[in-house]
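Student: Right, I'll just put the structure down here and ask away after.
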Amino acid sequence: MRRFIPFLVAAVLVAGAGGAVSASQEQCSISVSPRVGGPDDAFIIRGRGFPAGTFEEPVHVLLEIRYPGPGRMGTVFFVHLAPGSTWFDVTFHGDDGTGEPWEPLAPGRYRVLAEDETHTCRDRSSFRVQAERPEGRRVPV
Numbered sequence: 099m100r101r102f103i104p105f106l107v108a109a110v111l112v113a114g115a116g117g118a119v120s121a122s123q124e125q126c127s128i129s130v131s132p133r134v135g136g137p138d139d140a141f142i143i144r145g146r147g148f149p150a151g152t153f154e155e156p157v158h159v160l161l162e163i164r165y166p167g168p169g170r171m172g173t174v175f176f177v178h179l180a181p182g183s184t185w186f187d188v189t190f191h192g193d194d195g196t197g198e199p200w201e202p203l204a205p206g207r208y209r210v211l212a213e214d215e216t217h218t219c220r221d222r223s224s225f226r227v228q229a230e231r232p233e234g235r236r237v238p239v
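Going by the numbering used here, the first residue of the sequence shown is number 99, and it counts up by one from there.
What follows is the structure, given as structure tokens:
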């Protein structure tokens, strides 16, 4: 019985902490548009509900895009939110203003992770690149 009580207390503390963590992580979300696109399409990643920062303490969000296939190849963006802002929009594989064409994206599933620097808000999403652009869809600008 003496061993059971500390175990029970530890289990209750862990369960309570897990609820607090999941509650804080539910406040933010990311989405990708379009969910399925072609190798030349631009993908818009939208983040909402991140903590608001100030001029003294800005909020930075790590946005990681993992490419399909084995390994950990990908792209990392450090998104700096404006003071008081809780959202961001990032264009992945879009026009950068140079007029140079982009390399086509490899077909497959791309995984997206967004997490603020204090690790209080984290969300995942994904999008799929097909070998050919889906019918009826034009390349977003």
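Glycine residues also receive a C-beta, built at the ideal position from the N, C-alpha and C atoms.
(1) So, do the stretch 125–133 and the stretch 208–219 have three or more beta carbon pairs nearer to each other than 8 Å?
(2) Just how far apart, CA to CA, sit L179 and T218?
(3) Among G135, D194, I143, D138, which has the Cα closest to the Cα of F186?
(4) Helix, strand or coil, according to DSSP, for G192 in the structure here?
(5) Is it the case that the Cβ atoms of R220 and G135 are separated by a distance below 9 Å?
(6) Taking the Cβ atom as the reference point for each residue, do P166 and G206 lie within a distance shorter than 9 Å?
(7) By Cβ distance below 6 Å, which residues in the same chain neighbour R222 in space, the five residues on each side in sequence not counted?
Tutor: Taking the coordinates as given:
(1) yes
(2) Using only the alpha carbons, I get a separation of about 15 Å.
(3) I143
(4) coil
(5) Result no, Cβ atoms of R220 and G135 do not sit closer than 9 Å.
(6) yes
(7) Correct list, in chain order: L211.
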